[in-house]
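Under my numbering, the sequence shown has 390 at position 245, and the numbering climbs by one with no breaks.
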Amino acid sequence: MKTLDLQETLRERVRRIALEKFNIKLDAIIAEIPPRTELGDLAFPVAFELAKRIKMERGEKLPPRSIAEELGLALENTEGVSRVEVAGAGYINVFYDRATFLHRFFHSLQTNGVSGEEKASASTASASDKIIVEHTNINPNKAAHIGHLRNAVLGDTFVRIMRTAGHTVEVQNYVDNTGVQVADVIVGFEHVEGMTLETVRELDASLPPERPFDYYCWDLYARVGLFYRHGDANAKEDPERLRLRSETLRLIEEGDNPTADLAEYVATRVLDCHLNTMLRLGISYDVLPRESEILHLHFWDKAFERLRETNAIRYEAEGRNAGCWVMPTNFHASTDEHEADKIIVRSNGTVTYAGKDIAYQLWKLGRLRLDFYYKPFRRYPNDHIAWITTSDESKAVGANGSTPNFGGGGKIYNVIDSRQSYTQDIVRQGVAAVAPEVGANASIHLSYEMVALSPAACQELGIELSTEDQKRAYIEMSGRKGLGVKADDLITRLEMVAKVEVSERHPDLAEADATATAHAIAVGALRYFLLKWTRNSVIAFDFKEALSFEGETGPYCQYAAVRANSIFRKLDDEVYAQATKFVSQMNEGDANAKITDVLGGETGDELWTMIALAARLDETIAQSAAQAEPAYLAKYAFQLARAFNLFYHRHRIIAEEDAARRSVLVAIADVARGQLTRSLATLGIQVPERM
C-alpha cells in the first residue's frame, strides 16, 4: 500500500458518494496532508465546494459540515481507514488503520522492491506515449563548465523521475555543431594559430591527460574574443575580423570544404570530452542529434517551406532587417534586445538558432516526415548505446531496422536556461503555426536560472577576485572572457576534498575503496546541491556547504542511508526473518493487535509519522513529474533522512527486548532505508558502503 493508492481510493469514493447523494459530478478533488498527526493522515475540504455547487445548481443551501458528516460516514467503511472525523466548518479528516497500512506497505516493498527507474526504456513506446527530454546541449567548442552541469543534472534527474513515474522517455542531447561558438573556435585555429585539420589532429594527440582537447579549446575561445578586439578586452570588436566569423559560419553550414572538415573534427572531439564529463555524474543519452544534419538532410528546407506556406515568417525588403526572413510575434514588447531573436534567416542566407530549432522541434514531434541516419557514438559500461546522427547514408548502421526509432514523441521537454525564454517562445510559435494539431503546449520549455560561484568557492579554486567582488553574494562566469570553472575541475576538486574526509574517518580503507567512496560522496554532494533549489533560483555554489555532512546536503542524505544499512549488517538473520514474518503476516494470531499497540503507544505517533513519510515517495515523484520540479524530490529525500536519523537516535532497534516492538522497529527501518535509497537513486545519487 502506498499513500497515493489509498488517496485515490478515497477520492474515487468521494466522487461516487457526491454523485449518488447530491447528484454532483466532481472531477479534481483536493486532498491535504494535515500539519500534525493528531489531526489525521488526510484531509478533504471537498464539502465546501459541494455546498457551493449545490446552491448554484439546485438552489439549496446545505451547511458544509452536514455534507462532510454524510461523506465521512461513507468513507469510514473504506478498507484501510480506521476512523473519520469532521472538524471545523466542514473538513473531513481521515485516519488510516496503522497496522493494516504498515502490513501492506511493508509487504508491497518486499514483493516489488525494484525501483521504477530500472524499467526505463527509450524509443519503444508509441508516439502519443513517448516523452522526449532534451538536455545538456553544450556548444561543442570548449570544456563544459559548472553552469552546464545544472542543465545536465536537472535534465537527467527529470528523466529519472519520469521513468520512475512509469513513462517511456527518450533522452536527446542536441549538438549545435554549426553555430557561432564553434565558428569562433575554428577562427582561432585557422586565423589566430594558422592551423589545419592535420596539425590540429597532431596537437590533439600530443596533449597531456590533465589538459585534454576541450581544455585547449577553452583557452583558445577566450583568445579569439580578444582577437576580435585586437587584444584589448575593453575595445570594440573589429568589423573586419568579425567577417571571418560570418565567412567561417557560412563554410561550416555549406559543408564539404576544409573549414567544415576542421569544424567536424573539433566539434566531435569536444562532444566526446563532454560525454566523458557527464558520465562521471552518471549521465547518459539515447541519441545525439546534430545541427549539421538539420541542414544537410533538408530538415530546415522542409520547415522553411511550411513556415512560408502558413505565413508564419515574412521577408523584410527594407529597414535594419532588410534581406532577412523574420517571424512577427504577438507577445513581448518589441525591443532591441529581442529584435535579433525574431530573425529566422539572416540576410547572408545562414539560418539562426531559432530557425533550426523549429525544424528540430517539428522532427521531435513527428511532424516533418523526415528522419536522420544514425550510427553508434558511445557504448556505456552497461552496454547502452548513444547514437549520433549523420547525413552520410553509407556510414549509417541499422538500415535493416536495428536502430531505435528516435523522435516522434507525444510531448517534449526542452531543458534550456531562462535567458532563452524569448527565443523558445519564438520556436513554440513557429511549431504551432506549422503544426496546429499539435500546438504550442506539446513543446515545454523546462527553464532554470544560472549557476554562479560563492566568493569562497572562487578562492578554493584559485580564482583571483577584486576586493569589491569578494563582498558580492556570487560571482558570475563568462566563457568569452575565460572566467569560469570547468566541470571536470569542479568534480575533481570535490573528489579530493571528500577523499581527505573519508581517509580520516577510515584510515584502514583500501585505496580503491576510498577513491570509489569519495567519488560517490562528491557526485552526491554536487547533484543534490544543484537539485535542492527550485529551477527559478539562482545558485551560488559553495564547496563547504555542498560537502557538509550536516544540514540539507547530499552527504547528509547518503549518511542516513549508510547508517540504516549498517543496522541490517549487524542484525541477526533470524531476527530479521522473524520481523519480516511478523509484520507481513499480521492477521495470524494477535499480530494485528500487537502492531496496533506499538503504533498507538507512547511513541506511536512518532513511529507512524516515519511510516507515513516513507510511504509518500510515489506521491512526491508524481508531484515532481507533474510540475517538472526535481527540487520536490530532493526536499523529500532530506526530510526522510532527517526523520530516520531522529528515529535511529531515539529507539533501540537491535537491542529492543520486546519481540513485537522490535519487529515493528525493524520493519520501519527497512522501509525507510529502502525508500531513501530509491529516492536518492532517482536523484542520481549512490549510497556508498561507508562514509
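Just so it is clear, CB atoms sit at the ideal spot from N, CA and C, and this is done for glycine as well.
Check for me: the alpha helix (DSSP H) holding Glu790 runs from which residue to which? Within the sequence shown, residue 790 is the residue found at index 645, counting from 1. Note on residue identity: the sequence assigns Asn, not Glu, to residue 790. Its alpha helix (DSSP H) spans residues 776-795.
Based on the DSSP output, what are the partners of Ser711 in its beta bridges? As a first step, residue 711 is located in the sequence shown; it is residue number 566 there, counting from the start. Looking at the DSSP assignment, Ser711 forms no beta bridge with any residue, so it has no partner.
Going straight from the alpha carbon of Cys362 to that of Glu764, what length do you get? For this step, residue 362 is matched to residue 217 along the sequence shown. For this step, residue 764 is matched to residue 619 along the sequence shown. Each residue's alpha carbon lies about 45 Å from the other.
Assess contact between the stretch 282-302 and the stretch 407-419, defined as three or more Cβ pairs (one per stretch) separated by less than 8 Å. Is contact present? yes
Identify the continuous beta strand (DSSP E) that holds Phe522 and give its terminal residues. Taking the sequence shown and counting its residues from 1, one reaches residue 522 at position 377. Per DSSP, Phe522 belongs to the beta strand (DSSP E) from 518-524.
If we count the other Cβ atoms within 10 Å of its Cβ and call it buried at 16 or more, is Tyr619 buried or exposed? Numbered from its first residue, the sequence shown carries residue 619 at position 474. Tyr619 comes out buried.
With DSSP collapsed to three states, give me the class of Ser260. Within the sequence shown, the letter at position 115 stands for residue 260. Low local confidence applies: a pLDDT of 38 at Ser260 is under 50, so the model's placement there is unreliable, with the coordinate-based value given in what follows. Correct three-state label for Ser260: coil.
What would DSSP say about Ala667, mapped onto helix, strand or coil? For the purposes of this step, residue 667 is taken as the residue at position 522 of the sequence shown. Looking at Ala667 - three-state DSSP - the assignment turns out to be helix.
Check this for me: beta carbons of Ala234 and Arg210, under 8 Å apart or not? Your numbering for residue 234 matches position 89 in the sequence shown. Your numbering for residue 210 matches position 65 in the sequence shown. Contact: yes.
For Val576 and His280, what's the separation of their Cα atoms in angstroms? As a first step, residue 576 must be located in the sequence shown, where it is residue number 431. As a first step, residue 280 must be located in the sequence shown, where it is residue number 135. About 19 Å.
CB-CB under 7 Å to Arg617, same chain, minus the five flanking residues each way: which ones, in chain order? Taking the first residue of the sequence shown as 1, we reach residue 617 at position 472. Pro600, listed in sequence order.
Can the beta-carbon of Asp750 be found less than 8 Å from the beta-carbon of Thr182? Counting from one through the sequence shown, the residue named residue 750 turns up at place 605. Counting from one through the sequence shown, the residue named residue 182 turns up at place 37. Yes, these two residues count as a Cβ contact at 8 Å.
Evaluate the contact criterion for the stretch 212-222 versus the stretch 151-171: three or more CB pairs, one atom per stretch, below 8 Å. yes
So, Ala659 versus Lys677, is the Cβ gap smaller than 8 Å? Here residue 659 corresponds to residue number 514 of the sequence shown, with the count starting at 1. Here residue 677 corresponds to residue number 532 of the sequence shown, with the count starting at 1. Taking 8 Å as the Cβ cut-off, Ala659 and Lys677 do not qualify as a contacting pair.
Use the C-beta contact count for Tyr460: other C-beta atoms within 10 angstroms, 16 or more gives buried, fewer gives exposed. Here residue 460 is taken as the residue at index 315 of the sequence shown, counted from 1. It is exposed - the Cβ of Tyr460 has fewer than 16 other Cβ atoms within 10 Å.
Can you give me the Cβ contacts of Leu342 inside the same chain, cut-off strictly under 8 Å, excluding the 5 residues immediately before and after it? Reading the sequence shown from its first residue, position 197 is the one you call residue 342. For Leu342, where only same-chain residues beyond five positions count, the Cβ hits under 8 Å are Pro403, Asp406, Leu407, Tyr410.
Here's a check: name, in chain order, each residue in its chain whose Cβ is nearer than 6 Å to the Cβ of Val647, leaving out the five neighbours to either side. By one-based count along the sequence shown, residue 647 stands at place 502. Same-chain partners within the cutoff: Ala659, Thr662, Ala663.
Which value, in whole angstroms, describes the spacing of the CA atoms of Thr568 and Gly324? Within the sequence shown, numbered from 1, the residue matching residue 568 stands at position 423. Within the sequence shown, numbered from 1, the residue matching residue 324 stands at position 179. Using only the alpha carbons, I get a separation of about 15 Å.
Can His529 and Ile561 be called in contact, C-beta distance under 8 Å? By one-based count along the sequence shown, residue 529 stands at place 384. By one-based count along the sequence shown, residue 561 stands at place 416. The answer is no: Cβ separation not under 8 Å.
Quick one: any contact between the stretch 334-351 and the stretch 785-800, if contact means 3 or more CB pairs under 8 Å? no
Classify Ala462 as helix, strand or coil using the three-state DSSP reduction. As a first step, residue 462 is located in the sequence shown; it is residue number 317 there, counting from the start. In the structure shown, Ala462 sits in coil (DSSP, three-state: anything other than H, G, I, E or B).
Residues bridged to Tyr558 [DSSP beta-bridge criterion]: By one-based count along the sequence shown, residue 558 stands at place 413. For Tyr558, which the question treats as bridged, DSSP gives the partners Val278, Ile589.
Would you tell me roughly how many angstroms separate the C-alpha atoms of Ala757 and Gly819, rounded to the nearest one? The residue you call residue 757 lines up with position 612 of the sequence shown. The residue you call residue 819 lines up with position 674 of the sequence shown. If you take the alpha carbons of Ala757 and Gly819, they lie about 14 Å apart.
Between Leu195 and the rest of its own chain, which residues show a CB-CB distance below 7 Å, the 5 nearest in sequence each way excluded? The count along the sequence shown starts at 1 and reaches residue 195 at position 50. Ala163, Phe167, Ile169, Ile212.
So what does DSSP say about Tyr319, is it helix, strand or coil? For the purposes of this step, residue 319 is taken as residue 174 along the sequence shown, with counting starting at 1. If DSSP states are grouped into helix, strand and coil, Tyr319 belongs with coil.
Of the residues Tyr241, Tyr593, Glu802, which one's Cα is nearest the Cα of Leu294? Mapped onto the sequence shown, residue 294 falls at position 149. When only C-alpha atoms are compared, the closest one is Tyr593.
Tell me which residues share the same chain as Tyr430 and place their Cβ nearer than 6 Å to its Cβ, disregarding the 5 neighbours each side in the sequence. Translated into positions along the sequence shown, residue 430 becomes position 285. Excluding sequence neighbours, Tyr430 sits near Val316, Asn318, Ala531.
Looking at the strands, I want to know which residues DSSP matches up with Glu695. For the purposes of this step, residue 695 is taken as the residue at position 550 of the sequence shown. Answer is none; Glu695 lacks a bridge partner.
Collapsed DSSP secondary structure at Trp532 in the structure displayed: The residue given as residue 532 occupies position 387 in the sequence shown. The answer is strand: DSSP assigns Trp532 an E or B state.
For Asp502, which residues of its own chain have a beta-carbon under 7 Å away from its beta-carbon, when the five flanking residues on both sides are left out? As a working mapping, residue 502 is identified with position 357 in the sequence shown. If we look at Asp502 and ignore the five residues flanking it on each side, its Cβ neighbours are Val572.
By a C-beta neighbour count over all protein chains shown, 10 Å radius and 16 as the cutoff for buried, is Arg807 buried or exposed? As a first step, residue 807 must be located in the sequence shown, where it is residue number 662. Classification for Arg807: buried.
Cα separation between Arg835 and Pro700? Residue 835 sits at position 690 when you count from the first residue of the sequence shown. Residue 700 sits at position 555 when you count from the first residue of the sequence shown. The alpha-carbon atoms of Arg835 and Pro700 are separated by roughly 11 Å.
Would you grab the beta carbon distance between Ile712 and Val809 for me? Rounded to a whole angstrom, and I think it's under 8 Å. Here residue 712 refers to the residue found at position 567 when the sequence shown is read from its first residue. Here residue 809 refers to the residue found at position 664 when the sequence shown is read from its first residue. That pair is no contact at about 14 Å.
Helix or strand or just coil, what does DSSP make of Leu828? Position 683 of the sequence shown, counted from the first residue, corresponds to residue 828. Leu828: coil per DSSP, three-state reduction.
Lys520 and Val496 - do their beta-carbons sit closer together than 8 Å? Here residue 496 refers to the residue found at position 351 of the sequence shown. Here residue 520 refers to the residue found at position 375 of the sequence shown. No. Outside cutoff.
Quick one: which unbroken alpha helix (DSSP H) runs of 4-plus residues sit fully inside the stretch 356-381? Chain order, please. 358-372
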